[in-house]
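Novice:
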Amino acid sequence: MNTLRQFGSKVRVPALSIFVALLIGALFLVFTDIEVLGMLLSDPLGALALGFGRAASSYSALFRGAFGDPANFSKALASGDVQLWARALRPIVESVVASVPLIFVGLGVSVAFRTGIFNIGGAGQFAMGAVGGAVAALVFGAGVIPAPIAILLMMFFGLLGGALWAFLPGLLKARVGASEVITTIMLNFIASQLIFFLVSNVEFIQKPPRIQPVSKELSQFVDLPGILPIASLRLDISIIVALISAVAVSWFLFRSTRGFELRAAGLNIAAAKYAGMGASTSIITAMLISGAISGLGGALVAVGTVKQLSPGIAGSVGFTAIAIALVGGTRPSGVVATALVFGLLQHGGSLMQVETSIPIEMLLFIQALVIAFIAAPDLTLGILKNPFRRRQVKAAK
Amino acid sequence: MSVNAATVALGDGAEAHQQLFASRVRAGLFALFTLISLWITTSSSGVQSNFSLWSDKIGGTNLPFSVPVDLLWGGVTLIFGLMGLFQFIRGAAFKWRLAIGLISPLLVFALLARLLDGTTANLTVFFTSTLSFAIPVGVGALAGIVAERSGFLNIAIEGKLLFGAMVGSIASSITGIAIAGPIAGALFGALVSLFLAWLGIRYKVDQIIAGTVINIGAVGITSFAYLRILQPYSEFNRPIGIDTIQIPLLSEIPVLGPILFSLSPYFYGSVGLVLFFTYMIYRTRWGLRLRAAGEQPSAAGTVGVDVVKLRYRAMIIAGLLAGFAGSFISLSGTGGFGINTSAGKGFIALAAVIFGAWNPIFAFGASLVFGMATAATTLLSGLGVGLPPQILLSIPYVVTLIVVAGLIGRVRAPASAGRPYDQG
Chain R
64 MNTLRQFGSK VRVPALSIFV ALLIGALFLV FTDIEVLGML LSDPLGALAL GFGRAASSYS
124 ALFRGAFGDP ANFSKALASG DVQLWARALR PIVESVVASV PLIFVGLGVS VAFRTGIFNI
184 GGAGQFAMGA VGGAVAALVF GAGVIPAPIA ILLMMFFGLL GGALWAFLPG LLKARVGASE
244 VITTIMLNFI ASQLIFFLVS NVEFIQKPPR IQPVSKELSQ FVDLPGILPI ASLRLDISII
304 VALISAVAVS WFLFRSTRGF ELRAAGLNIA AAKYAGMGAS TSIITAMLIS GAISGLGGAL
364 VAVGTVKQLS PGIAGSVGFT AIAIALVGGT RPSGVVATAL VFGLLQHGGS LMQVETSIPI
424 EMLLFIQALV IAFIAAPDLT LGILKNPFRR RQVKAAK
Chain F
161 MSVNAATVAL GDGAEAHQQL FASRVRAGLF ALFTLISLWI TTSSSGVQSN FSLWSDKIGG
221 TNLPFSVPVD LLWGGVTLIF GLMGLFQFIR GAAFKWRLAI GLISPLLVFA LLARLLDGTT
281 ANLTVFFTST LSFAIPVGVG ALAGIVAERS GFLNIAIEGK LLFGAMVGSI ASSITGIAIA
341 GPIAGALFGA LVSLFLAWLG IRYKVDQIIA GTVINIGAVG ITSFAYLRIL QPYSEFNRPI
401 GIDTIQIPLL SEIPVLGPIL FSLSPYFYGS VGLVLFFTYM IYRTRWGLRL RAAGEQPSAA
461 GTVGVDVVKL RYRAMIIAGL LAGFAGSFIS LSGTGGFGIN TSAGKGFIAL AAVIFGAWNP
521 IFAFGASLVF GMATAATTLL SGLGVGLPPQ ILLSIPYVVT LIVVAGLIGR VRAPASAGRP
581 YDQG
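Structure, rendered in structure tokens:
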């Protein structure tokens, strides 16, 4: 009972933040609908009914996209046919697939946050991990090397690519105090230009007719094994690697000496220095680990999920990861749980975009709101508690 | 407090040691640059680079001339050599920042000459596009300076540029009045900035996180609004562009007239703003209080300055400036607003703030250097020079990275920028 209450108090603010953000998102949907705005003066009630009706159907598409259509589930239950089951389960499985990059980058960003570094270069580190993984897949996946070893090498080079991209901002922060906010953002831009260059100029990487700026089909070189019994559902071992990474990060941060030093540096760098812990080393280590995890994710996603390297591979994963790290309290378990929720939103959002042509960019707005609510707990709790608190005060008097 | 005192006591010797180390590293880097430019000089002997200028007006009479590339690079080599030497002799006291500021225009120019590869570059275009790129970055940097001088770390310039660009374009399209664009952009920027200040001051949200909220929200909202409204109803995204103006008499000056006196009114406005705020920050009571609030807010509070109110006001001014700068992006060209149209200029502005050491004029100078780099990139990619466009496109970001790294060196930010203030 007690643990349940503890769990409740931990989850309350994040859950409320996401819920309120979605509500504000609905208002945003209503008031950016030109037809509704046009009707608002002549027929305000009708306009609002139309607006909220549309918002409701958008959100219903979002939920069907995230969890699956209940109608499909009942059909699958009734017949038991594998094909129908695959169809019913596909949305939720795809949501989990969408959460894999978020888990990796969310974990990576969390390690940096814990050390007091605001690493907003998750996207660049993820992208460079994808480069490392893709190149390794092209080199080692040609058939000579057995598949499991090729997969390991691919993961290793992804790790390396991400770590390399995070090393520079870490070094600059530690040695000259250069703001990581600017350096990591610049490296994000440079990473995507670099990928653009690689996939449009390098014959070894670019897809054969060499017209589009994309890489060769990576699954022909390294194929990540799936983990679900139904072959048409694409959930591969990357989710397992993601969960193992979460456990490893958790152990590292909370059970190892080095992790303690990182957290100490994050809490009070002056005190950590005074206690004889190398602040520079902590910063560089944190950035290396942070980048390595994001890079590992980049390699697995590029090779396993997207199966291609393209300039837009990272998308808005860096931003989403910040929201996830903060909502998850920069705690690995929290990050995994939040990443799953955001994965649901992400995949649900893509169905919403298809069905109701609401741009998926709306999720960025929701993420910004969620970050604001989480970072200002007083604001969030104010929304939740105020009416009750006043009553309690009165009762006490 | 005691912890702070301890670090100061600990820091002194370490700081001096670090500065000496940093100046040695800088000297080494300058020596390396000297060697590289020496190599470029010798490898380009006899190569001529062709330039031209418009003498009377944009697109007017051409004034062609050529410069030997090895001469330019010889100059670069010499200056780099001297910089390395002085840096080594004078150590940490050497004014390397100024030296880099002075050499970088020549360096960009020499790089441009080396890369031209037989084609002719029009320098009037080069200089005017330098100046026009410097507008959003320079004014954005000014926004950063005003905010950070007051003690609020303003990393949300990028977001405000985006909002300013979108709102400016919509306002100008709806009203059909050209001046409505910059005004609406500035006002919306102020509104966003006020929200940011509210999060940071009222709720003490970490200022970097609060800025990130704005930056992410700006990308989300503006892209969303673009796809949902501006694209299907394109009448909302057909702003009245702000045209260049010919300043009477001055624009008649040969060569200089077309470069300096036939520009967008934005440019003259920006220069005016930079001068105005330099005066305000260093020469007025408001400026003194602003700087005090950013350096030692508790002391400012003790002598009766309302630090909270002052920071709110500074943030509103910063928002006005950033929104105004943003509106330039969508109103100066013909395209109106586009997704992510600010392309990192807000972050480059932050780099200019650092390179300009929180001084508006120096920061504007730094944004001119960024402007030159970008102008050179655009010019070269327009001429179809051999380098792949992706490398050219990433040059401004690489330059920013190098500047922020400060070629190994620290500048002192306002001491309390980023710390919330408790008005006890």
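Here the protein sequences line up with chains R and F, keeping their order.
Be aware that the first sequence starts at 64, since it is given in the numbering used here, and climbs by one per residue.
Be aware that the second sequence starts at 161, since it is given in the numbering used here, and climbs by one per residue.
From the three backbone atoms N, C-alpha and C, an ideal C-beta is built for every residue, glycine too.
#1: Just curious, the beta strand (DSSP E) that N282 (chain F) is in, first and last residue?
#2: When you compare the region 407 to 424 of chain F with the region 348 to 362 of chain F, are there three or more beta-carbon pairs, one atom per stretch, that lie closer than 8 Å?
#3: Can you tell me whether DSSP reads F225 (chain F) as helix, strand or coil?
#4: What residues are listed by DSSP as bridge partners for L213 (chain F)?
#5: Taking T95 (chain R) as the query, report the chain A residues whose CB atoms sit under 8 Å from its CB, ordered along the chain.
#6: Return the CA-CA distance between N375 (chain F) and G204 (chain R), expressed in angstroms with no decimal places.
#7: Pick helix, strand or coil for Q456 (chain F), following the three-state DSSP scheme.
#8: If we count the other Cβ atoms within 10 Å of its Cβ and call it buried at 16 or more, is Q598 (chain F) buried or exposed?
#9: Can you name the start and end residues of the alpha helix (DSSP H) that P232 (chain R) belongs to?
#10: Answer with buried or exposed for Q409 (chain R), where buried requires no fewer than 16 other C-beta atoms within 10 angstroms of its C-beta.
#11: DSSP three-state call for G504 (chain F): helix, strand or coil?
#12: Contact check, G358 (chain R) vs F189 (chain R) under 8 Å by CB: the rounded distance?
#13: Buried or exposed: where does N164 (chain F) fall if 16 or more other Cβ atoms within 10 Å of its Cβ makes it buried?
#14: Counting contacts by CB-CB distance shorter than 9 Å, is Y472 (chain F) in contact with chain R?
#15: Do V564 (chain F) and F515 (chain F) have their CB atoms nearer than 9 Å?
#16: Which residues in the same chain have their Cβ closer than 6 Å to the Cβ of F524 (chain F), if we skip the five residues on either side of it in sequence?
#17: Indicate the three-state DSSP secondary structure (helix, strand or coil) for S332 (chain F) in the structure shown.
#18: Can you tell me whether Q69 (chain R) is buried or exposed, with buried defined as 16 or more other CB within 10 angstroms of its CB?
#19: Using only the alpha-carbon positions, how far apart do A176 (chain F) and G341 (chain R) sit?
#20: Provide the residue(s) that pair with G278 (chain R) in DSSP beta bridges, ordered along the chain.
#21: When the Cα atoms are used, what is the spatial distance from M161 (chain F) to T348 (chain R)?
#22: Taking contact to mean 3 or more Cβ pairs, one atom from each stretch, closer than 8 Å, check whether the region 149 to 167 of chain R and the region 330 to 341 of chain R are in contact.
#23: State yes or no: is the C-beta of A535 (chain F) within less than 9 Å of the C-beta of F348 (chain F)?
#24: Could you compute how far the alpha carbon of S576 (chain F) sits from the alpha carbon of A478 (chain F)?
#25: Is the CB of E424 (chain R) under 9 Å away from at least one CB in chain F?
#26: Looking at L113 (chain R): is its Cβ nearer than 9 Å to the Cβ of D96 (chain R)?
#27: Consider the Cβ of T372 (chain F): report whether some Cβ of chain R lies at a distance smaller than 9 Å.
#28: Among residues of its own chain, excluding the 5 on either side of A110 (chain R), which ones have a beta-carbon nearer than 6 Å to its beta-carbon?
#29: Output needed in chain order: residues of the region 245 to 257 of chain R with a Cβ under 8 Å from some Cβ in chain F.
#30: Against S242 (chain R), what residues of chain F qualify as contacts under a CB-to-CB distance less than 8 Å, listed in chain order?
#31: Secondary structure at Q208 (chain F), three-state DSSP: helix, strand or coil?
#32: I want to verify the contact list: residues of chain R whose CB lies under 9 Å from the CB of D366 (chain F), in sequence order.
#33: Tell me where the alpha helix (DSSP H) around E98 (chain R) begins and ends.
#34: Please go through the same chain and pick out, in chain order, the residues whose beta-carbon is closer than 7 Å to the beta-carbon of T383 (chain R), but skip the five residues on each side of it.
#35: Distance check for L423 (chain F) and S215 (chain F), CA to CA, integer angstroms please.
#36: Whole angstroms are fine: how far does the CA of L266 (chain F) sit from the CA of G220 (chain F)?
Specialist: Put simply:
#1: Locating residue 282 (chain F) in the second sequence gives position 122, where the first residue counts as 1. Unbroken beta strand (DSSP E) run through N282 (chain F): T280 to N282.
#2: no
#3: Counted from its first residue, the second sequence places residue 225 (chain F) at position 65. Secondary structure at F225 (chain F): strand, using DSSP grouped into helix, strand and coil.
#4: The residue you call residue 213 (chain F) lines up with position 53 of the second sequence. F:L223.
#5: In summary, chain A is missing from the structure at hand, where the protein chains are R and F.
#6: For the purposes of this step, residue 375 (chain F) is taken as residue 215 along the second sequence, with counting starting at 1. For the purposes of this step, residue 204 (chain R) is taken as residue 141 along the first sequence, with counting starting at 1. Distance from the CA atom of N375 (chain F) to the CA atom of G204 (chain R), rounded to whole angstroms, is 40 Å.
#7: Locating residue 456 (chain F) in the second sequence gives position 296, counting from the first residue. Coil.
#8: The structure shown has nothing for residue 598 (chain F), since chain F only spans 161 to 584.
#9: Mapped onto the first sequence, residue 232 (chain R) falls at position 169. DSSP places P232 (chain R) inside the alpha helix (DSSP H), whose first and last residues are A210 to V239.
#10: The residue labelled residue 409 (chain R) in the question sits at position 346 within the first sequence. By the neighbour-count rule (16 or more Cβ atoms within 10 Å), Q409 (chain R) is buried.
#11: Here residue 504 (chain F) is taken as the residue at index 344 of the second sequence, counted from 1. DSSP places G504 (chain F) in coil when its eight states are reduced to three.
#12: Translated into positions along the first sequence, residue 358 (chain R) becomes position 295. Translated into positions along the first sequence, residue 189 (chain R) becomes position 126. Yes, they are in contact, since the Cβ atoms of G358 (chain R) and F189 (chain R) sit about 7 Å apart, within 8 Å.
#13: One-based indexing of the second sequence puts residue 164 (chain F) at position 4. Its pLDDT being 38, under 50, N164 (chain F) is placed unreliably in this model, and the value from its coordinates should be taken loosely. The residue is exposed, with fewer than 16 neighbouring Cβ atoms inside 10 Å.
#14: The residue you call residue 472 (chain F) lines up with position 312 of the second sequence. For Y472 (chain F), the answer is no, since every Cβ of chain R falls outside 9 Å of its Cβ.
#15: By one-based count along the second sequence, residue 564 (chain F) stands at place 404. By one-based count along the second sequence, residue 515 (chain F) stands at place 355. In contact: V564 (chain F) and F515 (chain F) (Cβ atoms closer than 9 Å).
#16: Locating residue 524 (chain F) in the second sequence gives position 364, counting from the first residue. Contacts found: G298 and V434.
#17: Translated into the one-based positions of the second sequence, residue 332 (chain F) becomes position 172. Helix.
#18: Start at 1 with the first residue of the first sequence, and residue 69 (chain R) comes out as number 6. Exposed.
#19: Numbered from its first residue, the second sequence carries residue 176 (chain F) at position 16. Numbered from its first residue, the first sequence carries residue 341 (chain R) at position 278. In a straight line, the C-alpha of A176 (chain F) is about 18 Å away from that of G341 (chain R).
#20: On the first sequence, position 215 is the one that residue 278 (chain R) refers to. Correcting the residue type first, residue 278 (chain R) is Ser in the shown sequence and not Gly. The bridge partners DSSP lists for S278 (chain R) are R:Q269.
#21: Position 1 of the second sequence, counted from the first residue, corresponds to residue 161 (chain F). Position 285 of the first sequence, counted from the first residue, corresponds to residue 348 (chain R). Confidence in M161 (chain F) is poor, its pLDDT being 32 and thus under 50, which makes the residue's placement too unreliable to answer from.
#22: No: fewer than three Cβ pairs fall under 8 Å.
#23: Counting from one through the second sequence, the residue named residue 535 (chain F) turns up at place 375. Counting from one through the second sequence, the residue named residue 348 (chain F) turns up at place 188. F348 (chain F) sits away from A535 (chain F), with the two beta carbons spaced by 9 Å or more.
#24: One-based indexing of the second sequence puts residue 576 (chain F) at position 416. One-based indexing of the second sequence puts residue 478 (chain F) at position 318. Using only the alpha carbons, I get a separation of about 17 Å.
#25: To locate residue 424 (chain R), count along the first sequence from 1; it is residue 361. Closer than 9 Å to some Cβ of chain F, the Cβ of E424 (chain R) qualifies, so yes.
#26: Sequence index remark: in the first sequence, residue 113 (chain R) carries index 50 (1-based). Sequence index remark: in the first sequence, residue 96 (chain R) carries index 33 (1-based). Yes, these two residues count as a Cβ contact at 9 Å.
#27: On the second sequence, residue 372 (chain F) is found 212 positions in, with the first residue counted as 1. So, interface residue.
#28: Residue 110 (chain R) sits at position 47 when you count from the first residue of the first sequence. Within the same chain, A110 (chain R) has close Cβ partners V99, M102 and L103.
#29: I245, T246, I248, M249, L250, F252, I253, Q256 and L257
#30: Taking the first residue of the first sequence as 1, we reach residue 242 (chain R) at position 179. Chain F residues near S242 (chain R): L510, I514 and V564.
#31: One-based indexing of the second sequence puts residue 208 (chain F) at position 48. Strand at Q208 (chain F).
#32: Locating residue 366 (chain F) in the second sequence gives position 206, counting from the first residue. Under the 9 Å cutoff, chain R gives F181 and A438.
#33: The sequence position of residue 98 (chain R) within the first sequence is 35, counting from 1. First-last of the alpha helix (DSSP H) with E98 (chain R): I97 to M102.
#34: Reading the first sequence from its first residue, position 320 is the one you call residue 383 (chain R). Taken in chain order, the residues that qualify are L165, F405 and Q430.
#35: On the second sequence, position 55 is the one that residue 215 (chain F) refers to. On the second sequence, position 263 is the one that residue 423 (chain F) refers to. Distance between the alpha carbons of S215 (chain F) and L423 (chain F): 15 Å.
#36: Translated into the one-based positions of the second sequence, residue 220 (chain F) becomes position 60. Translated into the one-based positions of the second sequence, residue 266 (chain F) becomes position 106. So the two alpha carbons sit approximately 26 Å from each other.
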